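Chains as they are written, first to last, in this note's numbering: chain A, 1 to 248; chain B, 1 to 248.
Every residue gets a Cβ at the ideal spot worked out from N, C-alpha and C, and that includes glycine.
In this text the structure is predicted, and so the values were computed from the model without any measurement.
Everything on this sheet refers to the single structure shown next.
Protein chains: 2
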Amino acid sequence: MAGAIGIIGGVGPMAGLDLARQVFMQTKATSDQDHIDLFLVSCPRLIPDRTEYLLHGGDDPAPGIEACAQRLSAMGAAAIGVACNTAHSPRILSRVRVPSGVVLVNMIDSTCAFIAEHFGKGKIGIIATLGTIHTGIYDEYFARYPDLELVKAPEQTNRSVHEAIYHREWGIKSTQRPTPQASEAVKGAVRELGQAGCSAVILGCTELPLVFQGQSSFEGIGLIDPTEVLATELIRHTQPDKLIGIKL
Amino acid sequence: MAGAIGIIGGVGPMAGLDLARQVFMQTKATSDQDHIDLFLVSCPRLIPDRTEYLLHGGDDPAPGIEACAQRLSAMGAAAIGVACNTAHSPRILSRVRVPSGVVLVNMIDSTCAFIAEHFGKGKIGIIATLGTIHTGIYDEYFARYPDLELVKAPEQTNRSVHEAIYHREWGIKSTQRPTPQASEAVKGAVRELGQAGCSAVILGCTELPLVFQGQSSFEGIGLIDPTEVLATELIRHTQPDKLIGIKL
Chain A
1 MAGAIGIIGG
11 VGPMAGLDLA
21 RQVFMQTKAT
31 SDQDHIDLFL
41 VSCPRLIPDR
51 TEYLLHGGDD
61 PAPGIEACAQ
71 RLSAMGAAAI
81 GVACNTAHSP
91 RILSRVRVPS
101 GVVLVNMIDS
111 TCAFIAEHFG
121 KGKIGIIATL
131 GTIHTGIYDE
141 YFARYPDLEL
151 VKAPEQTNRS
161 VHEAIYHREW
171 GIKSTQRPTP
181 QASEAVKGAV
191 RELGQAGCSA
201 VILGCTELPL
211 VFQGQSSFEG
221 IGLIDPTEVL
231 ATELIRHTQP
241 DKLIGIKL
Chain B
1 MAGAIGIIGG
11 VGPMAGLDLA
21 RQVFMQTKAT
31 SDQDHIDLFL
41 VSCPRLIPDR
51 TEYLLHGGDD
61 PAPGIEACAQ
71 RLSAMGAAAI
81 GVACNTAHSP
91 RILSRVRVPS
101 GVVLVNMIDS
111 TCAFIAEHFG
121 KGKIGIIATL
131 GTIHTGIYDE
141 YFARYPDLEL
151 VKAPEQTNRS
161 VHEAIYHREW
171 GIKSTQRPTP
181 QASEAVKGAV
191 RELGQAGCSA
201 VILGCTELPL
211 VFQGQSSFEG
221 IGLIDPTEVL
231 ATELIRHTQP
241 DKLIGIKL
């Protein structure tokens, strides 16, 4: 039996479920039994806030991530993914070790490779929480791809995207389904990055793809969901014959 | 540290995620770290089709369910739930053993107890897949509550609900979001059971609550989501102080 897929969730809890959901959606299956074995470990108290650690020297999340990876490996996971953009900072993830024979699939590296393959070269935009933007995680990975240029929106736009995610009344985290106000803020940001010459925009936060309901482009601008890319890579590392693949 | 919540998923895969999502939604939390530890094991090949076993003598799903429960117990789960109505047939679940100190929380028993507490006595309707209806699982549990009468819709209505779930073009499993056609079929069935004197209707399949977008009643008829009830019971068995509770 092929190895299982392991998911380190809890960062946040819903992001772990979103990654698992995308694995199931990307699997060729006509019955329950066709699905690949999957384990999810959601132990948020083991993994302190990533943004806090990167920006203000808070508690180190790396040991907790490693503990979760070891549990998943012990259960039989052959490929493990972490459902959190910020945890992918090289300052965190490069210190997480997994047992030999187990692959820790890197979401952001996979996303960059996916973009390089499908969009070749040029400007690629990003929208995300202020934490993801200010910690510069995507910048660090994009530095390895000289043909690609990462473009951020003006600070004012980043703040409106952040509000669309976090606002207590109309933010997507509160309402679950995007309100017209949140949708407009997010779509406006994508439009702005398109006008700045970006052929595609990375939706660097789990809540953002909800605005586009699974569409792969918006007004001619490609939309890239790193969670979806990670889901396909987890399948590719375990049972590649079952991978549906992302439609562009 | 209090024990963790364990979820036996894979039956089907999306139902396991729905149960986990409802646990997170029912938890009092203002940060990721406030959430209760949760493990999900999704090994669908270990657990053969439950309806097939009950109606046609197919392979026994009980040993696979027990194997998943043992894995979850070994990881530290103190309360375990199975995200599948059909698996709750006493002919299956009564043979699943868990280590001492671990509770296997019964979704349908919990649902009956919830109904007895909040609706007292009288007629309670059920809509579900034909598999759940024909295997008579809810009938077996309701037999323990003489004040409650379980009412099923006419076979024609049950078939239209089944189609609303499974139809390849407009069924909820295919479209993810309920189409108008699926919504009308499901709402019509609830209305019909209300007219037959039911004060509440059990939405006995993971896809059905999507039609009502979290509403707890429809045209004065109470709506009961067994997955939501199970989620609250899993929290009650691990960290009851963190339980939000179902609003009626």
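- Using a C-beta cut-off of 8 Å, the region 90–107 of chain A makes contact with the region 219–231 of chain A, since at least three inter-stretch Cβ pairs fall below that distance.
- At least one C-beta of chain B is nearer than 8 Å to the C-beta of A/G12.
- By the C-beta density criterion, B/Q239 is buried, having at least 16 other C-beta atoms within 10 angstroms.
- Not flagged as an interface residue toward chain B: A/C68, since no C-beta distance is shorter than 8 Å.
- For A/M107, no Cβ of chain B is located within less than 8 Å of the residue's own Cβ.
- Residues of chain A whose Cβ lies closer than 8 Å to the Cβ of B/Q195 do not exist, since the nearest Cβ in that chain is about 31 Å away.
- Taken through DSSP and simplified to helix, strand or coil, A/T27 comes out as strand.
- Proximity to B/G81 across B/L248, B/I235, B/L54 peaks at B/I235, based on C-alpha coordinates.
- Taking the C-beta atoms as reference points, A/S216 is found no nearer than 8 Å to A/A189.
- Interface flag for A/F212 against chain B is unset, since no Cβ pair is found closer than 8 Å.
- Fewer than three beta-carbon pairs drawn from the region 72–80 of chain A and the region 45–57 of chain A are found closer than 8 Å, and the two stretches are therefore not classed as touching.
- Residues of chain B whose Cβ lies closer than 7 Å to the Cβ of A/A20 are, in chain order, L17.
- Shown here, A/L46 sits in a helix according to DSSP, grouped into three states.
- With contacts defined as CB atoms closer than 8 Å, B/L17 and B/G9 qualify as a contacting pair.
- Those residues of the region 40–68 of chain B placed with their C-beta closer than 9 Å to a C-beta in chain A are L40, V41, S42, C43, P44, R45, L46, I47, P48, D49, ordered along the chain.
- The criterion of a C-beta distance shorter than 8 Å is satisfied by A/T111 and A/I202.
- For B/K187, the uninterrupted alpha helix (DSSP H) run begins and ends at 180–195, by DSSP.
- Chain-order list of chain B residues neighbouring A/D37: G10, V41, S42, C43, P44, R45, L46, by C-beta distance under 9 Å.
- The residue among A/Q70, A/S73, A/I172, A/G57 with its C-alpha nearest the C-alpha of A/A128 is A/I172.
- In this structure, B/P13 lies away from A/F39, with their beta-carbon atoms at least 8 Å apart.
- The C-beta distance from B/L150 to B/I124 rounds to 6 Å, short enough to meet the 8 Å contact threshold.
- When secondary structure is reduced to three states using DSSP, A/A83 falls in the coil class, being assigned neither helix nor strand.
- Within its own chain, the residues whose Cβ lies closer than 7 Å to the Cβ of B/K242, once the five positions on either side in sequence are excluded, are T27, K28, I36, I235, listed in chain order.
- Bridge pairing for B/G125: B/V151, B/V201 [DSSP].
- By the rule that beta-carbons nearer than 8 Å mark a contact, B/D139 does not touch chain A.
- For B/G9, the enclosing beta strand (DSSP E) starts and ends at 4–9.
- Scanning its chain for C-beta atoms nearer than 7 Å, with the 5 sequence neighbours on each side dropped, one finds around B/A164 the residues G171, I172, A182, A185, V186, in chain order.
- Collapsing the DSSP output to three states places B/A77 in a strand.
- DSSP places B/L248 in the coil class of the three-state scheme, outside both helix and strand.
- Per DSSP, A/I172 is one residue of the alpha helix (DSSP H) stretching across 172–175.
- Taking a 10 Å sphere around the C-beta of A/R21, we find 16 or more other C-beta atoms and assign the residue as buried.
- Chain-order list of chain B residues neighbouring A/R71: M75, by C-beta distance under 7 Å.
- In this structure, A/I126 and A/Y138 form a Cβ contact; the two beta carbons are roughly 5 Å apart against a cut-off of 8 Å.
- A/Y145 and A/H88 have their C-alpha atoms roughly 17 Å apart.
- Taken through DSSP and simplified to helix, strand or coil, B/I224 comes out as strand.
- Taking the CA atoms as reference points, A/L72 sits about 13 Å from A/R97.
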